[in-house]
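All letters in the sequence shown, in the order written, are residues 1 to 109 by full-length UniProt numbering. Quick reminder that beta carbons are idealized off the backbone N, C-alpha and C, glycines included. Notes to accompany the following structure.
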Amino acid sequence: MPKVAPTRWNYNIRTVSAVFENRESLIDCFRELENKCDKTITSKEAYGLRRALEDSDFIFFLTFFHKTLPHVAILFNQFQSRNKDRTLQRIYSKLLKMSMETMEINAEK
């Protein structure tokens, strides 16, 4: 089996979680930058970032990744482990599938 390029799951998960948990504060911060840095590159960038944070598709995927990445990281680590425990891999796979199904059910409500 070919080696997989190393993915820094821990950093990706923390970044997604930080944005998810601080989204409203980030929006306020970007809005303030827009107002204080009128018609500059900074205000234009702040505007774009604020709009992204307010976009419904972005919010959906941010929430999705916030809920799923921790499960994916556990599964990834288990599959990359030298001590491959097939039973544990099956359990983690089922847990991930159940989490995804739960999110799908909640999204339909």
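Among the options, which residue has its Cα nearest to the Cα of residue i?
i: residue 95; options: 86, 80 and 72; result: 72
Terminal residues of the continuous alpha helix (DSSP H) containing residue i?
i: residue 44; result: 41 to 54
Counting C-beta neighbours from all protein chains within 10 Å, is the total for residue i 16 or more, i.e. buried, or is it exposed?
i: residue 32; result: exposed
i: residue 50; result: buried
Residue j and residue i - do their beta-carbons sit closer together than 7 Å?
i: residue 43; j: residue 54; result: no
i: residue 46; j: residue 30; result: yes
i: residue 75; j: residue 92; result: yes
i: residue 16; j: residue 65; result: yes
i: residue 88; j: residue 20; result: no
Does residue i have its Cβ less than 7 Å from a Cβ in chain C?
i: residue 50; result: As a matter of chain content, chain C is missing from the structure shown, which is built from one protein chain.
**Request:** Mind listing, in chain order, the continuous alpha helix (DSSP H) runs of no fewer than 4 residues lying wholly within the stretch 60 to 95?
**Result:** none
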